[in-house]
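Everything on this sheet refers to the single structure shown next.
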Amino acid sequence: MLMSRRRMVAASGLLAAGFAVSHGSPLFAAIDDEASDLSPITGGIAPIGKAEREARLARARALMDGNGIDAIVLEPGSSMVYFTGVRLWRSERLAAAVIPASGPPVIVTPFFERPSVAESLEIDAEILVWQEDESPTALIARHLTEAGLARARIGFEATVRFFASDGLARALPGLTMVSADPVVRGCRMRKTAPEIALMQAASDVTIAAYAWTIPRIREGMTNVEISRLMDAATRSLGGSPEFSMVLIDEAAAYPHGTGKPQVVREGSTVLFDCGCTVADYQSDISRTVFHGDPDPAALETWHLVRRGQDTAFAAARLGAPAGSIDDRVRELYERSGLGPGYRLPGLSHRTGHGIGMDGHEPVNLVHGEETPLAPGMCFSNEPGIYRPGHFGVRQEDCFHMTETGPQWFTVPPESPDQLVGSPDRE
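For what it's worth, the working numbering labels the leading residue of the sequence shown as 2, then goes sequentially.
Written as structure tokens, this is what we have:
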């Protein structure tokens, strides 16, 4: 399992601060105990069910037909869960889903994993197994041959590993291998109402965790201690923490942080970037707050970042190229003397990214991205400003496109003393 930059920084921060990366630490146990007074707020959610997954398969087949693809191949991960419900870890033992344009899907798995596959499978599909002394790619090749697809156009999901695609190409040299992006992205980029509801639930958990955590910040606390508070609150509120990055003062000028120890002082700038998962769907919300009287330059920057968020939201119109949102934000910042472009001080990363089952999904709000905005697309809006050697400010709220335009999952606040703004501002 790959470790994200944010998770890597969090782990290195623990080590640098002298803490063992362990849930058994007395300090962490005390934090967990304090957060145990919170109650889950996710009791009424409805996870994705079989009917929704069958609708996804129908959409995928229509996209295969429209793009001349005869079948797609997925490895374990969010796309396999999205279409089939099957939850497996990736390892050197190949497991895969083969979804044809017509006919039932097939799940290929090691024999000993069959019970786990059957338990999580939420669609009508055949399970094919291979033993430890057998070749999984030979099994997939045999299945495709029997299905009349030995010389077909097969789409491979973007994260399928080389050894899998290469092995299948060697077993069936008549295959035409193409990208499955038109199918997988075509389905996953545009969320349905049940998906939007789960993302809203995850966002609600993160905001509630902020509301519990931020008032508990005290002078002398480390970023690690604050991060742990956020994680504990998130779990108690019913979410599964994905990341709880906390950056203090100069460290906040690094968008994804630093492993150096950080301590809250009077007037500190404290940047949070936190998210959780609820029933497979993620939140991603950043808040920058001040402990005591803020640095006037940091406070001025906070309000400029908020203007950046509003500029991005106003530019998010149906049919507009996704990259145009990033362009409008940079125009604002350049008029304020920042940049130009991605230079510092200024906004050194894209304005936002897609989000859903994964924290980062296509497409991105970045210069040059031509994909037009459409209903169901979900994005982060996080035009941070970073001043190396001094501080960074990032406010991040996600939004989704509706039939009439953008709608916030969490309305941005009007001042650093607020967590969310008024719904009347949407």
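For each residue, glycine too, the CB sits at the ideal point set by N, CA and C. What you are looking at is a predicted structure, and each value in this text was computed from that prediction instead of being measured.
> Where does Met222 fall in DSSP's three states?
Replying inline: coil
> DSSP three-state call for Phe273: helix, strand or coil?
Replying inline: strand
> At which residue ranges does the segment 110-166 contain complete alpha helix (DSSP H) runs of 4 or more residues, listed in the order of the chain?
Replying inline: Runs found: 115-121 and 137-147.
> Do Ala313 and Asn382 have their CB atoms nearer than 7 Å?
Replying inline: yes
> Can you give the beta carbon distance from Asp250 to Thr278, rounded, assuming they're within the 8 Å contact cut?
Replying inline: That pair is no contact at about 30 Å.
> So the alpha helix (DSSP H) Ser204 belongs to, where does it begin and stop?
Replying inline: Its alpha helix (DSSP H) spans residues Ala194 to Thr214.
> Taking all protein chains shown into account, do 16 or more other C-beta atoms lie within 10 angstroms of the C-beta of Gly355, making it buried, or fewer, making it exposed?
Replying inline: buried
>> Given a cut-off of 7 Å on the beta-carbon distance, is the pair Phe392 and Ala253 in contact?
In response: yes
> Is it buried or exposed for Ala280, if we count other Cβ within 10 angstroms and need 16 for buried?
Replying inline: buried
> So Ala97 is in the beta strand (DSSP E); what residue range does that whole segment cover?
Replying inline: Ala97: member of the beta strand (DSSP E) spanning Ala97 to Pro101, first to last residue.
>> Which of the three DSSP states is assigned to His354 in this structure?
In response: strand
>> If I follow the unbroken alpha helix (DSSP H) through Gly187, where does it start and stop?
In response: Asp182 to Arg189
> Since Gly406 is in the alpha helix (DSSP H), which residue starts that stretch and which ends it?
Replying inline: Looking at the DSSP string, Gly406 is not in any alpha helix (DSSP H); the run it does join, the beta strand (DSSP E), is Gly406 to Trp409.
> Of the choices Ser284, Arg344 and Ile124, whose alpha-carbon is the least far from that of Glu397?
Replying inline: Ser284
> What are the boundary residues of the alpha helix (DSSP H) that His304 is part of?
Replying inline: Pro297 to Ala316
> What's the C-alpha gap between Pro417 and Gly369?
Replying inline: 32 Å
>> What does the alpha-carbon distance come out to for the pair His304 and Arg351?
In response: Near 19 Å, if we compare the C-alpha coordinates of Arg351 and His304.
>> Taking 8 Å as the cut-off, does the segment 144-155 touch the segment 116-124 (at least 3 CB pairs, one atom from each stretch)?
In response: no
> In whole angstroms, what separates the C-alpha of Arg154 from that of Ile286?
Replying inline: One alpha carbon belongs to Arg154, the other to Ile286, and they sit about 40 Å apart.
>> Spatial neighbours of Leu16 within its chain, please: C-beta separation below 6 Å, excluding the five flanking residues on both sides.
In response: Its pLDDT being 36, under 50, Leu16 is placed unreliably in this model, and the value from its coordinates should be taken loosely. Taking C-beta separations shorter than 6 Å and ignoring five residues to either side along the sequence, Leu16 has no partners in its chain.
>> Suppose you measure from the CA of Arg395 to the CA of Gln310; what does that come to, to the nearest Å?
In response: 10 Å
> Thinking just about the alpha-carbon of each residue, which of Asp294, Pro195, Ile197 and Pro174 is nearest to the one in Glu220?
Replying inline: Asp294
>> For a test of the three-state rule: what should DSSP assign to Gly422, helix, strand or coil?
In response: Three-state result, Gly422: coil.
> For Gly67, does the three-state DSSP call read helix, strand or coil?
Replying inline: helix
>> Is it buried or exposed, Gln132, if we count other Cβ atoms within 10 angstroms and call 16 or more buried?
In response: exposed
> Helix or strand or just coil, what does DSSP make of Gly349?
Replying inline: Reading off the sequence, residue 349 comes out as Ser, not Gly. Here Ser349 sits in coil by DSSP.
> Ends of the alpha helix (DSSP H) at Ile326?
Replying inline: That run of the alpha helix (DSSP H) goes Ala323 to Arg336.
> What is the DSSP secondary structure of Ile108, reduced to helix, strand or coil?
Replying inline: strand
> How many Å lie between Pro413 and Met246 at the Cα?
Replying inline: 19 Å
> Going straight from the alpha carbon of Arg94 to that of Leu169, what length do you get?
Replying inline: Taking the straight line joining both Cα atoms gives about 14 Å.
> If we ignore side chains and look at the alpha-carbon of each, how far apart do Phe410 and Ala317 end up?
Replying inline: Cα-Cα distance, rounded: 14 Å.
> Among residues of its own chain, excluding the 5 on either side of Ser204, which ones have a beta-carbon nearer than 6 Å to its beta-carbon?
Replying inline: Ser284, Phe410 and Thr411
> In terms of alpha-carbon separation, which member of Cys399, Ala63, Pro111 and Asp296 lies closest to Trp90?
Replying inline: Pro111
>> Within the continuous alpha helix (DSSP H) that includes Thr85, where are the two ends?
In response: Ser79 to Thr85
>> Here's a check: name, in chain order, each residue in its chain whose Cβ is nearer than 6 Å to the Cβ of Ser80, leaving out the five neighbours to either side.
In response: Glu158 and Val185
>> Between Asn224, Glu55, Ala210 and Arg236, which has its C-alpha nearest Val264's C-alpha?
In response: Asn224
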